[in-house]
Amino acid sequence: MSENQNLLAEQRRALILDEVRKRGGVRVNELTRRLNVSDMTIRRDLDALARQGVIEKVHGGAVPLVGTSTHEPGFEAKSALELTAKEDIARAAAVMAVPGSAIALSGGTTTYALAQQLLDVPDLTVVTNSVRVADVFHGAQRTAAGGGGRAGAATVVLTGGVRTPSDSLVGPVADRAIASLHFDVLFLGVHGISVEAGLSTPNLAEAETNRRFVRAARRVVVVADHTKWGTVGLSSFATLDEVDTFVTDAGLPAGARTQIEEHLPDLVVAGGPADVVL
C-alpha cells in the first residue's frame, strides 16, 4: 500500500480490506505508517469495516471474518465496498446487452451498478430476482413518465420469492418463474469464484435459484470484482466451464488471470485507459 494522506475514506478502507485478506491480519500501527494517517483514523476505518461484516476487530488490529463460507453480508454492507471496481465492471459489461434482447440480472451490488448502466439500452426485457435492480428500472421509468415518457424503456419482470439479506428473491416461487423462461444473456453476480468450487454462495436457496438462471441462459456473464476470486461460499451452483465471460477489475492478480484463462473463453479486465479482453 502506498502512503497518501489524500486517500478518500472509501479508498483507504478498500486498501485495508485487501491487506487483511492477503496477509490474514493487520496491525493498527502498521496501517498508520503505510497510509500516513492517525491511529484514530485507522480505528474508525476498522470500526466501519467491522460494521459492514467484512473483518473482525482484534486487540491492536483486525483479521478476516471467521466463518466466511456461511456468512452473508447485507446489501448495504456490500454496496460500500469496491465502488470504483464495480462501476468499471458495470460499464464494461453493459456493452454486452444488445438492444431488444432478453437479459437476466441476478442479485448483488455489482449487478445493481450494471442496471444503472443499462438504462439507455433500448427495448430490453429484464428478468431479475433483485428488488434493488428492479427499483433502478422502475425509478427511471417513473422519472421519464413525469417528463412525458421515454421510448424504448425496459420491460422488467421481478420473479417473486423469499428475500435474502442481499435483497435477492429466492426459493420455489423464483425457481419456477425462471425455469419457464429463456434469456439471451445472464449477468450474474457471485459471492465467490474459484477453480475448485466454481461459483458459490453462502445461501442454499440462492444457490438453487442461480442454478436455474444459468440453465435458462444462452450466454452466462459473471460480473465480480477481484476480491471475489478465491472466495468460497457454502454451496456451489456452477462450474467455471459453464461461464462464457468473466468481467472483473484490474485488481485481479496476474496468477489468477492465468488460471481463469485456462478455464474460460473470455476474461474482461475492466478499468484503466481501456478494458483488456484476454
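Just so you know, we're using this note's numbering here: the sequence shown kicks off at 3 and counts up by one.
C-beta atoms are modelled at their ideal positions from N, C-alpha and C, and glycine is treated no differently.
Fill in: First through last residue of the alpha helix (DSSP H) which encompasses VAL22
Residues 11-25.
Discussion item. Between which two residues does the beta strand (DSSP E) holding LEU160 run?
Written reply: In the DSSP assignment, LEU160 falls within the beta strand (DSSP E) that extends over 157-160.
Item to complete: Have a look at ARG220 and HIS184 and give me their C-alpha separation to the nearest angstrom.
Response: Their backbone Cα atoms lie some 8 Å apart in a straight line.
Fill in: Neighbourhood of VAL60 by C-beta distance below 8 Å, restricted to the same chain and skipping five residues each side
Once the five neighbours on either side are set aside, the close Cβ partners of VAL60 are GLY27.
Discussion item. For a minimum of 4 consecutive residues, which ranges assigned as the alpha helix (DSSP H) are wholly contained in the segment 157-221?
Written reply: Taking only runs of at least 4 residues, the alpha helix (DSSP H) segments lying wholly in the segment 157-221 are 174-181 and 206-218.
Item to complete: Could you tell me which residues DSSP pairs with GLY63 in its beta bridges?
Response: GLY63 is bridged by DSSP to ARG29 and VAL60.
Discussion item. Can you tell me whether VAL245 is helix, strand or coil according to DSSP?
Written reply: Note: VAL245 maps to coil in three-state DSSP.
Worksheet item: Can you tell which of ASP227, GLY191, ALA209 and ASN131 has its C-alpha closest to the C-alpha of PRO255?
Response: Checked all of ASP227, GLY191, ALA209 and ASN131; the closest Cα to PRO255 is ASP227.
Discussion item. Quick check: ASN212 and LEU190, are their CB atoms within less than 8 Å of each other?
Written reply: Judged by beta-carbon spacing, LEU190 lies within the 8 Å limit of ASN212, meaning their Cβ atoms are closer than that value.
Discussion item. Rounded to whole angstroms, what is the Cα-Cα separation between VAL65 and THR233?
Written reply: The alpha-carbon separation between VAL65 and THR233 amounts to approximately 15 Å.
Worksheet entry | Status (buried if at least 16 other CB within 10 Å, exposed otherwise) for ASN31 | It is exposed - the Cβ of ASN31 has fewer than 16 other Cβ atoms within 10 Å.
Worksheet item: When the Cα atoms are used, what is the spatial distance from ALA252 to VAL270?
Response: If you take the alpha carbons of ALA252 and VAL270, they lie about 9 Å apart.
Worksheet item: Cβ of SER202 within 8 Å of Cβ of GLY235?
Response: For SER202 and GLY235, yes; Cβs fall inside 8 Å.
Item to complete: Measure the C-alpha to C-alpha separation of GLY144 and ASP125 and round it to an integer number of angstroms.
Response: As written in the sequence, residue 144 is Arg, which differs from the Gly given in the question. Each residue's Cα considered, the two are about 16 Å apart.
Worksheet item: Does DSSP classify VAL234 as helix, strand or coil?
Response: In the structure shown, the three-state DSSP call for VAL234 is coil.
Worksheet item: Thinking just about the alpha-carbon of each residue, which of MET42, ARG53 and LEU85 is nearest to the one in LEU17?
Response: Closest option to LEU17, Cα to Cα, is LEU85.
Discussion item. In whole angstroms, give me the CA-to-CA distance for VAL192 and ALA11.
Written reply: Between the C-alpha atoms of VAL192 and ALA11 there is a straight-line separation of about 25 Å.
Discussion item. DSSP has LEU107 in a bridge; who is on the other side?
Written reply: LEU107 is bridged to THR130 and PHE189.
Discussion item. For PRO267, which residues in the same chain have their Cβ closer than 8 Å to its Cβ, ignoring the five residues on either side in sequence?
Written reply: ASP246 and THR247.
Worksheet entry | Reduced DSSP secondary structure (H/G/I, E/B, other) of ASP90 | Three-state DSSP puts ASP90 in a helix.
Fill in: Beta-carbon separation (whole angstroms), VAL187 vs ALA96, contact threshold 8 Å
No, VAL187 and ALA96 are not in contact; Cβ-Cβ is about 11 Å, not under 8 Å.
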